[in-house]
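To start, the structure itself, in structure tokens.
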Amino acid sequence: MNITILNGDMSDTSGDFSAYIQKLARKLREEHRVNLFLLNQMNIQHCSGCWNCWWKTPGRCNTNDDAEQVLRAVINSDFVIFASPLMAGFVSSLLKRMTDRFVGLLHPYIEMRNGESHHIKRYPHYPDFGVILAKEPDTDEEDLAIVRDIYDRFALNFHAQQRYLKCIETSNVKEVVHETSHYQRVAEA
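Take the sequence shown: its letters are residues 14 to 202, numbered as in the numbering used here.
Right, here's the structure in full:
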């Protein structure tokens with residue numbers, strides 16, 4: 014299985030969160046192909062809203078930065094892990110910035126699904142995903158529910174499913190590896 018991990022930790026890579034993600038990547042690599050992107054070490058620009066990725070260069074952003082290699086890895090993955098410490102109750106601006114750039118992976122055209130308008134697929138396959146967070150000192154269940162709901166809505170538009178939302182404080186690496194690997198067995202059945 015191809016797995017892409019987007020580490021949106023904005024601090025240096027020596028902290029507890031990045032250490033957790035590094036350990037997770039090592040364990041997943043024992044059985045899978047893993048691309049780990051440390052977004053804080055990459056040049057990821059904001060989406061400019063020019064829509065060239067929809068109209069002029071379908072599927073490709075014309076911003077010359079590192080996002081193209083991330084997007085290529087994501088669309089060729091079987092599973093994506095969005096990872097970030099919570100900051101002001103949400104994922105880091107770095108992870109959000111990268112997620113915003115996913116817009117080019119969809120068509121600009123709209124279809125109705127379950128009474129809602131959603132973008133049409135540009136590609137035949139879209140990866141399901143999981144979300145891994147680190148809580149802030151004042152994080153409560155409402156904060157986690159908001160992040161879960163937003164990523165559920167993202168999944169719906171991205172033709173995918175959010176398979177889990179885990180916090181490093183309550184989910185050990187072995188559990189996340191099992192749940193990610195279990196997804197593969199379910200998907201292949």
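Beta carbons: idealized from backbone N, C-alpha and C, even for Gly.
This structure is a prediction, so every number in the text was calculated from the model and none was measured.
So the alpha helix (DSSP H) R110 belongs to, where does it begin and stop?
-> For R110, the uninterrupted alpha helix (DSSP H) run begins and ends at 106-113, by DSSP.
Distance, Cα to Cα, C60 vs G21?
-> 16 angstroms
Check H132 in the structure and name its three-state DSSP category.
-> strand
Rounded separation between S184 and V93 - CA only = If I take the Cα positions, the gap works out to 18 angstroms.
Kindly confirm or deny that the stretch 61-77 and the stretch 35-48 touch, where touching means at least three C-beta pairs closer than 8 angstroms.
-> no
Counting Cβ pairs, one atom from each stretch, are 3 or more of them under 8 angstroms apart for the stretch 110-126 and the stretch 22-38?
-> No, the stretch 110-126 is not in contact with the stretch 22-38.
Among the residues of its own chain, which have a CB less than 7 angstroms from the CB of N53, if the five just before and after it don't count?
-> Shown here for N53: same chain residues with a beta carbon closer than 7 angstroms to its own, the five before and five after excluded, namely D22, M23, L107 in chain order.
Looking at D91 and I16, is the spacing between their C-beta atoms short of 8 angstroms?
-> Against a cut-off of 8 angstroms, the Cβ pair of D91 and I16 comes out as a contact.
Of all the options V87, Q174, S194, which has the alpha carbon lying nearest to the alpha carbon of L50?
-> The displayed chain sequence assigns Phe, not Leu, to residue 50. Comparing Cα positions, the closest option is V87.
Which of helix, strand or coil does DSSP assign to N56?
-> Residue state for N56 is assigned as coil, using DSSP reduced to three classes.
Helix, strand or coil for N65 per DSSP?
-> Three-state result, N65: helix.
In this structure, what does DSSP give as the bridge partners for N15?
-> R46
Is S97 buried or exposed, if buried means 16 or more other CB atoms sit within 10 Å of its CB?
-> That one is buried.
Burial state of S130 (16 or more Cβ within 10 Å) = exposed
At which residues does the alpha helix (DSSP H) containing R73 begin and terminate?
-> R73 -> no alpha helix (DSSP H), and no H or E assigned at all.
What is the DSSP secondary structure of D165, reduced to helix, strand or coil?
-> helix
Is the beta carbon of L19 sitting closer than 8 angstroms to the one on V190?
-> no
Anyone know if the C-beta pair for C180 and A147 falls short of 8 angstroms?
-> yes
How would you label A200, buried or exposed, when you count the other beta carbons within 10 angstroms and need 16 or more for buried?
-> For A200, the predicted structure reports a pLDDT of 48, less than 50, and the residue's modelled location is therefore unreliable. The matter cannot be settled from this model.
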